[in-house]
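Numbering (our numbering), first residue to last: 9 to 636.
Backbone N, C-alpha and C fix where the C-beta goes; we use that ideal spot for every residue, glycine too.
Fair warning: this is a prediction, and the values are worked out from it, not measured in the lab.
Here's the structure we're looking at; comments come further down.
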Amino acid sequence: MAALSAIMFQFAQAQDVFNEMSYSPGQTVFSLNAPVKGVVRIYDSGIAGKLLKTVKMRQDGADKWTATVKGDLKGKFYTFDIGKGETPGVFAKAVGVNGSRGAIIDMSQTNPDHWTTDLRPVIKSPADLLIYEMHWRDYSVDESSGIVNKGKFLSLTEPKAIQHLKDLGINAVHILPSFDYASVDETRLDSAQYNWGYDPVNFNVPDGGYSTDPYSPVKRINEFKRMVQALHNAGIRVILDVVYNHTFDLKNSNFEKTYPGYYYRYNADGTPSNGSGCGNETASEKPLMRSFMLQSVKYWINEYHIDGFRFDLMGVHDIETMNDIRAGVNSIDPTIFIYGEGWSAGSCAYPVEKLAVKANIPQMPGVAAFSDDMRDALRGPFNDDHKGAFLAGISGEEESLKYGIVGGIMHPQVDMQKVNYDKKPWALQPTQQISYVSCHDDMCLVDRLKSSVPNADTDQIIRLDELAQTAVFLSQGVPFMLCGEEMLRDKKGVHNSFSSPDSVNCLNWNNMKKYPQVFQYYKNLIQLRKNHPAFRLGDADLVREKLQFLPVQSCMVGFILKDNAGGDEWKNIIVLLNGNNSPCDIDVPKGDYTVVGCDGVINEKGLGQLAGGKVTVDAQSALIMYNK
9 MAALSAIMFQ FAQAQDVFNE MSYSPGQTVF SLNAPVKGVV RIYDSGIAGK
59 LLKTVKMRQD GADKWTATVK GDLKGKFYTF DIGKGETPGV FAKAVGVNGS
109 RGAIIDMSQT NPDHWTTDLR PVIKSPADLL IYEMHWRDYS VDESSGIVNK
159 GKFLSLTEPK AIQHLKDLGI NAVHILPSFD YASVDETRLD SAQYNWGYDP
209 VNFNVPDGGY STDPYSPVKR INEFKRMVQA LHNAGIRVIL DVVYNHTFDL
259 KNSNFEKTYP GYYYRYNADG TPSNGSGCGN ETASEKPLMR SFMLQSVKYW
309 INEYHIDGFR FDLMGVHDIE TMNDIRAGVN SIDPTIFIYG EGWSAGSCAY
359 PVEKLAVKAN IPQMPGVAAF SDDMRDALRG PFNDDHKGAF LAGISGEEES
409 LKYGIVGGIM HPQVDMQKVN YDKKPWALQP TQQISYVSCH DDMCLVDRLK
459 SSVPNADTDQ IIRLDELAQT AVFLSQGVPF MLCGEEMLRD KKGVHNSFSS
509 PDSVNCLNWN NMKKYPQVFQ YYKNLIQLRK NHPAFRLGDA DLVREKLQFL
559 PVQSCMVGFI LKDNAGGDEW KNIIVLLNGN NSPCDIDVPK GDYTVVGCDG
609 VINEKGLGQL AGGKVTVDAQ SALIMYNK
């Protein structure tokens, strides 16, 4: 088990503007931020059922309303109504099935045993993170998984599920949206339903579709917490994918039913702005929305012990809000990692110079962004599935790949004028770059290789797959991988599988036996990064000092980590990446080198010796070696 930090999850809550339901056995207090007076309705069921009581709210300040109901309401359900339709409010912490009503529960009864002593696994630097992005159903739903709680939070409490992650060596799982979302009907879980979950309804409650009983407000929360606890016990951090940039729809959203017209951005003609590409975009710059986001993040940390956040379409949010969130999180634990997509899906009704886009990352210390520069340098552009790049043996992307390898920072040997998307560095520190080649969006790596490298056989696909991840995991950024890539997963060529069936999205665990060499390569590659601090220097000045690129042929990148970089016991480490479909010679500094990576095998005990000078790198593979 990994070492655990001494930071326990016993933090005082910040001032809670959105504490909309406060339960005690003697009374329950309801409060709401809204422009007009409303009522609270109490029900005996989370869906349908009997209306027990309607209570008028009274004013308790500007745009603040409250109502107190005497007696023990535990197990009952509630809604607010200001005349725009019933809603559980914007910050419901427990809900009934499908999330249309808030639930009145004692949150302390949702805690698993030993929850108060749960500890966050230690990470000394973001550069030490090894992130594994996963979807509940993808990972566990296939019969071949051998997992009992298929597609559920509890799947990640089972020994087989956790042991696979530990064997692979990752230390953080990024779970796709797990809050209450719209596109899966929780009353019909016996039917096949699939979605990634980027359609928020209740942002602060675990989704019932991943619970063993969506009708039980307590059980979904308890099972989510048990999942986090099990991963923490295994030394694995939990990163939550958060989608504050839009809601499932605007008109029927909890935001709109609570404070009409406030939480969203609008164009000059009064129509909703659509920077999210989903029909609406939230207005993070408005005080209530900014406070909502900050309190939501803190709530997931304090109540659920979450260790990091991936912001969907972070470029929709404003810089000031992201910095406020970073500062608020730092007050709890500065090792909690924050990153996101440094772009939007359309034009936003807010000045781009004030938005948290990739180009503005220098204005957000401690916030990281995905490197589409590195991704597309390896596999080809997002807008053309059939066009390849470095992995297809196509020259022209070497400088972009070098830029990704240094972690998106300024480096004297990277010519920014030749980088594909950025003409000046956007990261101040290498830990502000997420290094990756595939994620849930777009084709997975195997499908993209099949599409962009015509007629490639399985052996070639494996070579290119391993080459791609070598660049990712030996870069100075924070490495990130899609679940199942270590099994050579495919998604039947589907580009955007957000609502495709399990047959497209699920992992085939039989691939572990079919392609054992792939898992072994990933495992050894990850361990190589862990064992050698030269690959995770975590400091821009150190990277510029210690990482030197070597002169190479077209469609190759080579670099040396020199002079015991980062205090590494290996004095000089050389990494050579060959995207060509034939072997290539390269001149390296003379010396007695031990080869630890060659032709699809990584072994730190050594694969042979080389004298330096001219060396040959096999086709579509990496050569890794060191001297002492």
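Suppose the cutoff is 8 Å on Cβ atoms and the five residues either side in sequence are ignored; what does the same chain contact list for residue i look like?
i: ARG456; result: ARG387, GLY388, ASP393, SER446, ASP450
i: MET495; result: LEU515, ASN516, TRP517, ASN519, MET520, TYR523, VAL526, PHE527
i: LYS227; result: SER219, THR220, ASP221
Mark residue i as exposed unless 16 or more other C-beta atoms lie within 10 angstroms of its C-beta, in which case mark it buried.
i: PRO420; result: exposed
i: GLY216; result: buried
i: ALA548; result: buried
i: GLN18; result: Note on GLN18: pLDDT 36, under 50, position unreliable in the model; the coordinate value appears next. Answer is exposed; the Cβ neighbour count stays below 16.
i: GLN441; result: buried
i: THR255; result: buried
i: GLY107; result: buried
i: VAL156; result: exposed
i: ALA385; result: buried
Let me check understanding here. Comparing Cα to Cα, which of the options lies closest to residue i?
i: TRP73; options: ASN41, ASN518, VAL226; result: ASN41
i: GLY621; options: ASP607, TYR601, LYS636, VAL609; result: TYR601
i: GLY401; options: PHE161, ILE155, SER629, TYR634; result: SER629
i: SER511; options: TYR147, TYR140, VAL37; result: TYR147
i: VAL213; options: ASP549, ALA190, GLU293; result: ALA190
i: SER53; options: PHE85, TYR31, SER30; result: PHE85
i: ALA464; options: GLY396, GLY415, SER153, GLN484; result: GLY396
i: ILE327; options: TYR307, GLU311, ALA376, GLY316; result: ALA376
i: ARG128; options: ASP571, VAL360, GLY574, ILE340; result: ILE340
i: CYS606; options: THR478, ILE178, PHE26; result: THR478
i: ASP175; options: LYS531, ALA435, ASP188; result: LYS531
i: PHE378; options: ILE178, ASN391, GLN371, TYR347; result: TYR347
i: THR466; options: MET65, ARG497, MET489; result: ARG497
i: PHE38; options: GLN67, ARG66, THR76, ALA70; result: THR76
i: THR165; options: ASN589, GLY278, MET235, LYS410; result: MET235
i: SER483; options: GLY492, LEU545, PHE506; result: LEU545
i: LEU173; options: LYS294, HIS122, ALA238, ILE344; result: ALA238
Just to confirm my understanding: we take residue i, look at its own chain, exclude 5 residues before and 5 after, and list those with CB closer than 7 Å. What are they?
i: TYR481; result: For clarity, residue 481 is Phe in the given sequence; the question names Tyr instead. Excluding positions up to five away in sequence, the list reads PRO487, LEU533, ILE534, ARG537.
i: ALA353; result: GLY283, SER284, GLY285, LEU321
i: GLY97; result: GLU28, LEU40, PHE88, GLY110, ASN262, THR266
i: PRO185; result: TRP204, GLY205, TYR206, ASP249, VAL251
i: LYS431; result: MET424, GLN425
i: ALA200; result: PRO509, ASP510
i: ILE229; result: ALA102, THR118, PRO214
Taking only beta-carbon atoms, is residue i less than 8 Å away from chain D?
i: ASP571; result: The chain labelled as chain D is not found in the depicted structure, where only one protein chain is given.
How many angstroms separate the CA atom of residue i from the CA atom of residue j?
i: ALA111; j: VAL103; result: 5 Å
i: GLY412; j: ILE581; result: 18 Å
i: GLU474; j: ALA242; result: 26 Å
i: HIS143; j: PRO597; result: 45 Å
i: LYS101; j: TYR272; result: 22 Å
i: ALA169; j: SER163; result: 7 Å
i: ILE632; j: LEU584; result: 6 Å
i: ASN564; j: SER292; result: One detail in the question is off: residue 564 reads as Met in this sequence, not Asn. Approximately 43 Å, taken between the alpha carbons.
i: VAL461; j: LYS500; result: 16 Å
i: PRO225; j: SER459; result: 45 Å
i: LYS579; j: ASN572; result: 4 Å
i: ASP381; j: TYR429; result: 6 Å
i: GLY614; j: VAL604; result: 5 Å
i: PRO373; j: VAL427; result: 23 Å
i: PRO134; j: GLU405; result: 27 Å
i: TYR51; j: LYS61; result: 7 Å
i: ASN331; j: ALA357; result: 20 Å
i: TYR223; j: VAL105; result: 5 Å
i: SER152; j: ARG145; result: 13 Å
i: PRO280; j: LEU296; result: 18 Å
i: GLY79; j: LEU59; result: 16 Å
i: ILE568; j: GLY599; result: 13 Å
Excluding the five sequence neighbours on either side, which residues of its own chain have a C-beta within less than 6 Å of the C-beta of residue i, listed in chain order?
i: ASP595; result: LYS622
i: ASP576; result: HIS540, PRO541, ALA542
i: ILE333; result: LEU302, VAL305
i: VAL149; result: LYS158, GLY159, ASP510, CYS514
i: SER508; result: VAL502
Measure how close the beta-carbons of residue i and residue j come, nearest whole angstrom, since I'm counting them as under 8 Å.
i: HIS240; j: ASP423; result: At roughly 44 Å, the Cβ-Cβ gap does not stay under 8 Å, so HIS240 and ASP423 are not in contact.
i: VAL63; j: VAL48; result: 5 Å
i: ALA180; j: TYR140; result: 7 Å
i: ALA364; j: GLY323; result: 6 Å
i: LEU555; j: VAL414; result: 6 Å
i: HIS448; j: LEU490; result: 6 Å
i: TYR4; j: PHE232; result: Residue 4 lies beyond the stretch modelled for the chain, which goes from 9 to 636, so this question has no answer here.
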